[in-house]
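**Q** First residue of the sequence shown? That's 90 in the working numbering, and the numbers climb one at a time after it. A virtual CB, placed ideally from N, CA and C, is assigned to each residue, including glycine.
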Amino acid sequence: MQDVIILKSLTELKKGYLKVFLWLLFTLFLIPVITLVFAEYGNSQLDQQYTQFFMNDAQEQHQDTGKLQAFLQQNPPSSVCGPVDENLQDYKNAVCAPQSELWQFYMMDKVAIWTLIGSGVVLLMVLLFSALAFKSRRGQVISLALARKFLMLACSLEVMVQGVMLVWLSFWSTAFFTQTYYPKLVMAVALLVLAAMYYMIKGIFKKLPPEESIEGEVVTREAAPALWSQIDMLAARVGTTPPDHIVAGIDTNFYVTEAPLSVNGHPLTGRKLYVSIPLLRQLTVAQADGVMVHELTHLHEGDTASGALLGPKLHRFDLYMQLMGENLATLIVYYPLYLYRMLFELAWQRNSREREFVADRNASALVSPAAIIESLIKVSAYASYRSEVERNFFNNRTLHENELGISKAIAAGLPEHVASPDFISIVREQNVPHPFDSHPPLAERMRNVGYNIDEADYAAVAADFPAGSWVDLMPVANEIEQQLWQKYERDFSSVHEESLAWRYQPEGEIETALVLKHFPNVPYTLKDGSQIVITWQGIVSPKTGELLDWDNVKNINVIRNFGRDKLYVQHVQPNTRGKKRSEIPLPGLKKEIEAFKNTLGLYWHRHQTVRALLKEEAEAAAHSA
Numbered sequence: 090m091q092d093v094i095i096l097k098s099l100t101e102l103k104k105g106y107l108k109v110f111l112w113l114l115f116t117l118f119l120i121p122v123i124t125l126v127f128a129e130y131g132n133s134q135l136d137q138q139y140t141q142f143f144m145n146d147a148q149e150q151h152q153d154t155g156k157l158q159a160f161l162q163q164n165p166p167s168s169v170c171g172p173v174d175e176n177l178q179d180y181k182n183a184v185c186a187p188q189s190e191l192w193q194f195y196m197m198d199k200v201a202i203w204t205l206i207g208s209g210v211v212l213l214m215v216l217l218f219s220a221l222a223f224k225s226r227r228g229q230v231i232s233l234a235l236a237r238k239f240l241m242l243a244c245s246l247e248v249m250v251q252g253v254m255l256v257w258l259s260f261w262s263t264a265f266f267t268q269t270y271y272p273k274l275v276m277a278v279a280l281l282v283l284a285a286m287y288y289m290i291k292g293i294f295k296k297l298p299p300e301e302s303i304e305g306e307v308v309t310r311e312a313a314p315a316l317w318s319q320i321d322m323l324a325a326r327v328g329t330t331p332p333d334h335i336v337a338g339i340d341t342n343f344y345v346t347e348a349p350l351s352v353n354g355h356p357l358t359g360r361k362l363y364v365s366i367p368l369l370r371q372l373t374v375a376q377a378d379g380v381m382v383h384e385l386t387h388l389h390e391g392d393t394a395s396g397a398l399l400g401p402k403l404h405r406f407d408l409y410m411q412l413m414g415e416n417l418a419t420l421i422v423y424y425p426l427y428l429y430r431m432l433f434e435l436a437w438q439r440n441s442r443e444r445e446f447v448a449d450r451n452a453s454a455l456v457s458p459a460a461i462i463e464s465l466i467k468v469s470a471y472a473s474y475r476s477e478v479e480r481n482f483f484n485n486r487t488l489h490e491n492e493l494g495i496s497k498a499i500a501a502g503l504p505e506h507v508a509s510p511d512f513i514s515i516v517r518e519q520n521v522p523h524p525f526d527s528h529p530p531l532a533e534r535m536r537n538v539g540y541n542i543d544e545a546d547y548a549a550v551a552a553d554f555p556a557g558s559w560v561d562l563m564p565v566a567n568e569i570e571q572q573l574w575q576k577y578e579r580d581f582s583s584v585h586e587e588s589l590a591w592r593y594q595p596e597g598e599i600e601t602a603l604v605l606k607h608f609p610n611v612p613y614t615l616k617d618g619s620q621i622v623i624t625w626q627g628i629v630s631p632k633t634g635e636l637l638d639w640d641n642v643k644n645i646n647v648i649r650n651f652g653r654d655k656l657y658v659q660h661v662q663p664n665t666r667g668k669k670r671s672e673i674p675l676p677g678l679k680k681e682i683e684a685f686k687n688t689l690g691l692y693w694h695r696h697q698t699v700r701a702l703l704k705e706e707a708e709a710a711a712h713s714a
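Here you go:
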């Protein structure tokens, strides 16, 4: 069964890569190929036209057409557009003067050929940069630095050159065949190209968001001397300097980082160790020692230093790639970036898994194999059950008015959870390797340290609650944990309340009030003083006051024609006047039109979400009946 899951996962991965690769070929090569074919065709047609013109002219003047025909066959008009001998210069000036039709087709033919070659080079460099990323972490740093600069420059040139091709095609594709051209089409294509260049420049100079902020509390040496003493001792055994900061929180993981981050608005620099108080409560002292040696090994091996170096560069790369993917005009840029990013991520995660093996082996050697493997099982058990508890709280369709008590619910239900078949299934799923996993599966980690625990014993390991733990080394642990859980539950309840506003088709005053709290009626005053109102129920027409119910809306669009905005509403069923489409003029909303469109789209999206959820619930009920 596991082999089938692995095979399916790899098949889906290959399909994903193939899809991206095909889109890359499409965006890089389609326009140059079309331009090349059209330019070759144009050259051929113009050669025939010029040849026919010269032959007709010679016949009219009773000249020897045989010699002329032989000359033209040996020197077709398009063949002299490039460098020629001096004796052919007059002929060249006659048929292929700069800016002439034949000259343009000849030049675009050459541009298309060189663009195809350049596109091939871009593709090759993406693969070479990706191959470099698979070598080592140092290779990844070099690869990313080179790839980002090269792809930004090369893809910018691609956009400009292919933009010129599109503008040229928009003119000549109609002019050549119909003897006319359409200025609006040429202008539209030119604006598309300018938009692409604008977004590229915007992406290059876009500022990075503020440094990452995490929920937690900094634990100083004065606040927990015993904790720091234990960390100092383990760091000495690993052969590394202790972290500069310890941050305690309630997330379900442990990690070290050298990337800049802030805690409660205070920036932290240097080496930082994050410890999870709820997880420390689950671990024995030896198991926690194993976890900390594992994390300190990442510091010792330079994993966090390279991560801190690569992190901001990757973040900037991702922001630029995301912006390029949001606009049709910049898809030429997006797909080379996307393919490289996918391959880089594959290399990054493979290296991460190798670093995890190194850290596990060190923890096994300095503490014990049992400690590190048992800690992994306990962390997996707690994290999976916490996720289940929070999912159940979140799926509740009733507003949480009292304290949630997430931590208490986890503590009460964890023993039953680890003894259930569901927990074994979760561990089995985690044992399915995937190329994008940053951590190896548990089975591989057990083989790596030479210590195996049978599936049947997982529950006993996970349910073994220690009499003493690292939490005892942290006098401030209870206070920190209580404060963080209170804040976490407030935020959780707030997000849950907002989600209910997206889920309710309200019944009764309480549900209606909640929906109105997050989706209040929003009026927009038009030029004549009338108002169009967007509500959770639908759109109130400014002239008649009639409610256009969302249930009877099939599609909505705000379109500007000649400087005038109009709202077009397509109905599922004819409205009261028997029409299947309503047109609502929006005079006077010029300054507020973007806000109007955003509000309209948000409320329409809420309604679609509600209907989709109700449909899912109805189908689930019918299936279970």
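Under the assumption that Leu-615 contacts Gly-677 (Cβ atoms under 8 Å), give the Cβ distance between them as a whole number of angstroms.
**A** Within the sequence shown, residue 615 is the residue found at index 526, counting from 1. Within the sequence shown, residue 677 is the residue found at index 588, counting from 1. Confirmed, Cβ separation roughly 5 Å.
**Q** Counting only runs of 4+ residues fully inside the region 168-209, write out the alpha helix (DSSP H) ranges in chain order.
**A** Unbroken alpha helix (DSSP H) runs of no fewer than 4 residues, entirely contained in the region 168-209, are found at 178-184, following chain order.
**Q** Cβ-heavy atom distance between Val-345 and the ligand FMN below 7 Å?
**A** Among the components of this structure there are no ligands whatsoever, and the ligand FMN is therefore not found.
**Q** Among all the DSSP beta bridges, which residues are the ones paired with Val-256?
**A** Start at 1 with the first residue of the sequence shown, and residue 256 comes out as number 167. Looking at the DSSP assignment, Val-256 forms no beta bridge with any residue, so it has no partner.
**Q** Short of 7 Å in beta carbon distance, which residues of its chain neighbour His-607, apart from the five on each side in sequence? Order them along the chain.
**A** Along the sequence shown, one-based indexing puts residue 607 at 518. Within the same chain, His-607 has close Cβ partners Glu-587 and Ala-590.
**Q** Leaving aside the five residues before and after Asp-553 along the sequence, list all residues of the same chain whose C-beta is less than 6 Å from its C-beta, in chain order.
**A** The residue labelled residue 553 in the question sits at position 464 within the sequence shown. Excluding positions up to five away in sequence, the list is empty.
**Q** Can you tell me the Cα-Cα spacing of Val-173 and Gly-207, whole angstroms?
**A** Residue mapping note: residue 173 aligns to position 84 of the sequence shown, counting from 1. Residue mapping note: residue 207 aligns to position 118 of the sequence shown, counting from 1. Cα to Cα, Val-173 sits roughly 27 Å from Gly-207.
**Q** Going by other Cβ atoms of all chains shown within 10 Å of its Cβ, with 16 needed for buried, is Thr-269 buried or exposed?
**A** Numbered from 1 along the sequence shown, position 180 holds the residue referred to as residue 269. Thr-269 should be labelled exposed.
**Q** Are the region 409-418 and the region 346-361 in contact at 8 Å, needing three or more beta carbon pairs?
**A** no
**Q** With contact counted as at least three CB pairs below 8 Å, one residue from each stretch, are the region 418-432 and the region 278-294 in contact?
**A** yes
**Q** Counting only runs that start and end within the region 367-399, where is the beta strand (DSSP E) found for 3 or more residues in a row?
**A** none
**Q** What first and last residue would you give for the alpha helix (DSSP H) that runs through Arg-670?
**A** Within the sequence shown, numbered from 1, the residue matching residue 670 stands at position 581. Segment 670-674 is the beta strand (DSSP E) holding Arg-670; no alpha helix (DSSP H) there.
**Q** Tell me whether the region 132-143 and the region 158-170 touch, counting them as touching only if at least three CB pairs, one residue from each stretch, are closer than 8 Å.
**A** yes
**Q** Only counting the same chain, and skipping five residues up and downstream in sequence, which positions put a Cβ closer than 8 Å to that of Arg-450?
**A** Locating residue 450 in the sequence shown gives position 361, where the first residue counts as 1. Asn-537 and Val-538.
**Q** Is the beta carbon of Gly-627 closer than 8 Å to that of Asp-617?
**A** As a working note, residue 617 is residue 528 in the sequence shown. As a working note, residue 627 is residue 538 in the sequence shown. Contact: no.
**Q** From which residue to which residue does the beta strand (DSSP E) around Lys-361 run?
**A** In the sequence shown, the residue the question calls residue 361 occupies position 272. From DSSP, the beta strand (DSSP E) with Lys-361 extends over 361-365.
**Q** Write down every uninterrupted run of the alpha helix (DSSP H) in the region 417-455 whose length is 4 residues or greater and which is fully enclosed by it, in chain order.
**A** 420-455
**Q** What residue range is occupied by the uninterrupted alpha helix (DSSP H) comprising Pro-356?
**A** The count along the sequence shown starts at 1 and reaches residue 356 at position 267. From DSSP, Pro-356 is part of no alpha helix (DSSP H) but of the beta strand (DSSP E) over 355-357.
**Q** In the structure shown, what three-state DSSP assignment does His-660 receive?
**A** The residue you call residue 660 lines up with position 571 of the sequence shown. In the structure shown, His-660 adopts extended strand secondary structure according to DSSP, grouped into three states.
**Q** Tell me whether the beta-carbon of Trp-85 lies closer than 8 Å to the beta-carbon of Ser-457.
**A** Nothing can be reported for residue 85: it is not among the residues displayed for the chain, which extend from 90 to 714.
**Q** Might you give, ordered along the chain, the residues of its own chain that have their beta carbon closer than 7 Å to the beta carbon of Val-230, omitting 5 neighbours on each side?
**A** Numbered from 1 along the sequence shown, position 141 holds the residue referred to as residue 230. So the list reads Ser-395, Leu-398 and Leu-399, once near-sequence residues are dropped.
**Q** Go through its chain and collect everything with a Cβ distance to Ala-284's Cβ below 6 Å, but skip five positions before and after it.
**A** To locate residue 284, count along the sequence shown from 1; it is residue 195. Closer than 6 Å at Cβ, skipping near neighbours: Ala-418.
**Q** Output yes or no for whether 8 Å exceeds the beta carbon distance between Val-126 and Met-431.
**A** Residue 126 sits at position 37 when you count from the first residue of the sequence shown. Residue 431 sits at position 342 when you count from the first residue of the sequence shown. Going by C-beta atoms, Val-126 is not nearer than 8 Å to Met-431.
**Q** Taking the C-alpha atoms as reference points, what is the distance between Pro-332 and Pro-612?
**A** Walking along the sequence shown from the start, residue 332 turns up at place 243. Walking along the sequence shown from the start, residue 612 turns up at place 523. Looking at the two C-alpha atoms, the distance is approximately 55 Å.
**Q** How is Leu-350 classed by DSSP in three states: helix, strand or coil?
**A** Taking the first residue of the sequence shown as 1, we reach residue 350 at position 261. In the structure shown, Leu-350 sits in a strand (DSSP, three-state: E or B).
**Q** Identify the residues that DSSP records as bridge partners of His-334: which are they?
**A** Position 245 of the sequence shown, counted from the first residue, corresponds to residue 334. DSSP, once it has assigned bridges, lists Lys-361 as partnering His-334.
**Q** By Cβ distance below 7 Å, which residues in the same chain neighbour Ala-313 in space, the five residues on each side in sequence not counted?
**A** Within the sequence shown, the letter at position 224 stands for residue 313. For Ala-313, where only same-chain residues beyond five positions count, the Cβ hits under 7 Å are Leu-562, Met-563, Pro-564 and Val-565.
**Q** Helix or strand or just coil, what does DSSP make of Tyr-344?
**A** Along the sequence shown, one-based indexing puts residue 344 at 255. Three-state result, Tyr-344: strand.
**Q** Answer with buried or exposed for Asp-511, where buried requires no fewer than 16 other C-beta atoms within 10 angstroms of its C-beta.
**A** Residue 511 sits at position 422 when you count from the first residue of the sequence shown. By the 10 Å Cβ count, Asp-511 comes out exposed.
**Q** So, Tyr-547 versus Ala-459, is the Cβ gap smaller than 8 Å?
**A** As a first step, residue 547 must be located in the sequence shown, where it is residue number 458. As a first step, residue 459 must be located in the sequence shown, where it is residue number 370. Contact flag unset, no.
**Q** Provide the residue(s) that pair with Ser-302 in DSSP beta bridges, ordered along the chain.
**A** For this step, residue 302 is matched to residue 213 along the sequence shown. Beta-bridge pairing links Ser-302 to Ser-351.
**Q** Using three-state DSSP, classify Pro-401 as helix, strand or coil.
**A** As a first step, residue 401 must be located in the sequence shown, where it is residue number 312. It is helical.
**Q** Helix, strand or coil: how does DSSP classify Gln-620 here?
**A** As a first step, residue 620 is located in the sequence shown; it is residue number 531 there, counting from the start. DSSP places Gln-620 in strand when its eight states are reduced to three.
**Q** Where does Ser-457 fall in DSSP's three states?
**A** What you label residue 457 is simply residue 368 of the sequence shown in a count that begins at 1. In the structure shown, Ser-457 sits in coil (DSSP, three-state: anything other than H, G, I, E or B).
**Q** Alpha carbon to alpha carbon, how far is Asp-340 from Ser-514? Give it in angstroms, no decimals.
**A** Here the question's residue 514 lines up with position 425 in the sequence shown. Here the question's residue 340 lines up with position 251 in the sequence shown. Cα-Cα distance, rounded: 23 Å.
**Q** Which residues in the same chain have their Cβ closer than 6 Å to the Cβ of Ile-621, if we skip the five residues on either side of it in sequence?
**A** In the sequence shown, counting from the first residue as 1, residue 621 sits at position 532. Around Ile-621: Tyr-613 and Pro-631.
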